[in-house]
Amino acid sequence: MTETLDETAQVLLGSFFPREGQKRDLIRSGPLDNYGGPVDADRVRAAIWRMRPGKAPGPDGITAGLLRNAWPILGEEMVRLFRTCIIEATFPQSWKCANLVVLLKQGKKDATNPKSYRPISLLPTMAKALETLIIQDLETETELNNYGQQHGFVPGRSTITAMKSLYDWIHGSNSRHVFGVFLDITGAFDNVGWFPLISRLDALGASIRTMRLIQSYLVNRSASIVIDGKRYQRIIERGCPQGSQLGPTLWKVAMTEIGNMQLDNTANMVLYADDIALTVAAARPQTAHGRIERYLDGLKAWAKAYELEFSPIVHSSQRF
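Numbering (the numbering used here), first residue to last: -4 to 315.
Okay, structure coming up:
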């Protein structure tokens, strides 16, 4: 329990935005290569129009509706600004400040526990439009949506396709026993390390320009919360802002490494956002348990590399 508003604010911000576990230089060296698709009026306009016009704005107070109204007059300047950001691989510092809205998570009853709350970042609308352009270039360079196990944040996939994939594999198994292990990552978006993210982008084939732009997007970010009229701010050293456009895409980048885990035909993995369903089939329960432990060791190693932890594991098993 905290005794003052100052203590409450610091506890919340510390819970939402933990310090970086390991200080490492993010900068990727090398000349900037050609940037992706042309930054033209059509792309910028589409990025602005995809946002709801009345959605709550970030610290600058500019809504997507205001940008739409200003487009006939300022459209060319917006295009020039976005083109410069991408060519120079620089994300404007003034666009990296977020106002926080704190929501009690569904099903959480302990209002005194900071882990019961979810921070939503209200970001500048111009920043989110630029994030959309970055996502487009990144997905073109890396074919990020072609990793079959991931069903979250992927066009044409959903919880339904994830469940169907799991169901089809279980019922297609000829083994006598199928065991499932279901894992959830604690504060996934808020805790993922930046260094392994950039390293993974490199491994996936992202251009130096895109990696440098994402590095610029991540570093020197800040978030602030207002309690009883007083503003409290914290510098962010890890994680992806919840409420951003780019956050889910960067999370998919981290999860591709799980998608590359070598599974034999007695095991299957289904991913949905930050949830993982591992299923293993075997003629004997002891054999299945041994296989599960082997794959869990791989998942734990991945989590450690990305500075993440799993929530308490839930086991369930089904005999067919």
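Every residue gets a Cβ at the ideal spot worked out from N, C-alpha and C, and that includes glycine. Bear in mind that the values here come from a model prediction, so they are computed numbers and not experimental data.
If you draw a straight line from the Cα of Ser217 to the Cα of Asp179, it comes to about 26 Å. Given a length threshold of 4 residues, each whole run of the alpha helix (DSSP H) inside the region 174 to 218 is given here in chain order: 183 to 186, 189 to 199 and 203 to 213. Take Tyr212, set aside five residues on each side of it, and the residues of its chain with a beta-carbon closer than 6 Å to its own are Phe86, in chain order. At a Cβ-Cβ threshold of 9 Å, Val34 and Ile82 count as neighbours.
For Cys235, the closest C-alpha among the options Arg38, Ala84 and Leu118 is that of Leu118. Assignment of Ser306 by DSSP, reduced to helix, strand and coil, places it in the coil class.
The shortest C-alpha to C-alpha distance from Ala41 to any of Tyr162, His166, Glu126 and Leu199 is the one to Glu126. Here the alpha carbon of Asp197 sits roughly 9 Å from the alpha carbon of Thr137.
Contact annotation: Ala84 and Leu208 have beta-carbon atoms nearer than 9 Å. Under DSSP, Asp270 forms a beta bridge with Asp179 and Tyr267. Distance from Ser219 to Leu95 at the Cβ level is roughly 7 Å; contact confirmed, criterion being Cβ atoms closer than 8 Å. Following the DSSP letters along the chain, one finds Val97 in no alpha helix (DSSP H) but inside the beta strand (DSSP E) bounded by residues Cys92 to Leu99. DSSP places Ile115 inside the beta strand (DSSP E), whose first and last residues are Tyr112 to Leu117. Within the same chain, and ignoring the five residues on either side of Pro54 in sequence, the residues whose Cβ sits closer than 7 Å to its Cβ are Cys92, Asn94 and Pro119. When the alpha-carbon of Ile165 is set against those of Gly151, Thr274, Trp189 and Ile155, the nearest one is in Thr274. The three-state secondary structure of Val149, taken from DSSP, is coil. With respect to the 9 Å criterion, Asp269 and Trp246 are classified as neighbours on the basis of their beta carbons. Excluding five sequence positions before and after Phe305, the CB atoms of its chain that fall closer than 8 Å to its own CB belong to Leu178, Asp179, Ile180, Thr181, Leu294, Lys295 and Ala298, given in chain order.
Judged by beta-carbon spacing, Arg195 lies within the 9 Å limit of Glu252, meaning their Cβ atoms are closer than that value.
In this structure, Lys225 sits near Ala4, with a CB-CB distance shorter than 9 Å. For the 9 Å CB-CB criterion, Tyr142 and Met256 do not form a contact. Nearest in C-alpha terms to Lys159, of all of Arg75, Leu199 and Asn263, is Asn263.
Contact between Ile129 and Leu241 is confirmed by a C-beta separation of about 6 Å, below the 8 Å threshold. A Cβ-Cβ contact shorter than 9 Å links Tyr301 with Gly188. Taking every protein chain shown into account, the CB of Ile231 has 16 or more other CB atoms within 10 angstroms, so this residue is buried. By the CB criterion at 9 Å, Gln144 and Leu266 fall inside the cutoff. The residues Glu134, Val149 and Pro150, in chain order, have a CB closer than 7 Å to that of Asn140 in the same chain once the five nearest residues on each side in sequence are set aside.
A residue is called buried once 16 or more other Cβ atoms fall within 10 Å of its Cβ, and Ser239 is buried on that count.
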